[in-house]
Structures are given as structure tokens and as C-alpha cells.
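S.K.: Position one of the sequence shown corresponds to residue 1 (UniProt numbering), numbered consecutively onward.
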Amino acid sequence: MNREKIDPKNMFKLIFDFPNQIEKAVVIGRNIGLRKNYSKVNKIVLAGMGGSAVGGDLLSLALRKHMTIPFFVSRNYTLPNWVDENSLVICSSYSGNTEETLSAFNEAESKNAAI
């Protein structure tokens, strides 16, 4: 059986390696040094592009009836003007190098938002 014909993008390896990717992500997240206290968060922004933002759309729809604070999906280089130290900004990027998402991350940091 020709594996390259069946799986030209090597998705089997990506799926097989997924637990390792999660472990690495947890280590990276713990070492970033982001805020630990989210008790004052009163609005949430998910910053991402394309498929990386779709999860935010789905989450927003799924939790719409249960959310007590605003949840906004941003697909831009900049965050909404109302983002401040009481905002939680979730940055989502498959590659980790998406220019718009990195720009939003830097802006969230400059506004002292929780990330």
C-alpha cells in the first residue's frame, strides 16, 4: 500500500503526534508568564484569522445563552478600542506566526489585557 497516495499531507503522523503537541503547548504556556488572575475579566476577545477564528465563532454560538459577559471574535491586526485591563484576549493561530494574531497579541499586552 502506498502511504503517500492515501495520506499525502501525512495527517496520520500529525494526529499521532497531537498528544506531544499538547504537552509542549502546556509547557510553553506555563513559561510565558501571563497573568494568573482572571477574576476582573468582564469581556472576552478571540483574535484569529481563518480557521483559527472559527473555534471562537463556534464557542460563541454554543455558549451564547450562558455567557454573562460579551464575547467577540476579531479577525484584524488591531483589537477593538474597548479592550482594556479587564479584557481577556485569546490569541489563536495554527502556525503561531500569523501576522494579524501576533499584532493583536502585542496590542493586548500594551493594553494590559489578560492573555
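In this text, a Cβ means the ideal position worked out from N, Cα and C, and glycines have one as well.
Where Glu23 and Thr68 are concerned, what is the direct C-alpha to C-alpha distance, given to the nearest angstrom?
M.R.: Position 23 of the sequence shown, counting from 1, holds the residue named residue 23. Position 68 of the sequence shown, counting from 1, holds the residue named residue 68. Each residue's alpha carbon lies about 31 Å from the other.
S.K.: Considering only DSSP beta bridges, list what Gly48 is partnered with.
M.R.: Working through the sequence shown from its first residue, we reach residue 48 at position 48. In DSSP, Gly48 forms a bridge with Ser92.
S.K.: With DSSP as the reference, label Ala25 as helix, strand or coil.
M.R.: Along the sequence shown, one-based indexing puts residue 25 at 25. Here Ala25 sits in helix by DSSP.
S.K.: Which partner residues does Lys43 have in the DSSP bridge list?
M.R.: Walking along the sequence shown from the start, residue 43 turns up at place 43. Note: Lys43 sits in a beta bridge opposite Ser87.
S.K.: Are at least three pairs of beta-carbons, each pair with one atom in the region 54–70 and one in the region 96–110, less than 8 Å apart?
M.R.: no
S.K.: Just to confirm, is the Cβ distance from Phe71 to Ser60 under 8 Å?
M.R.: Residue numbering aside, residue 71 sits at position 71 when the sequence shown is read from its first letter. Residue numbering aside, residue 60 sits at position 60 when the sequence shown is read from its first letter. Closer than 8 Å, so yes.
S.K.: Helix, strand or coil, according to DSSP, for Ala113 in the structure here?
M.R.: Here residue 113 corresponds to residue number 113 of the sequence shown, with the count starting at 1. Reduced to three states, the DSSP call for Ala113 is coil.
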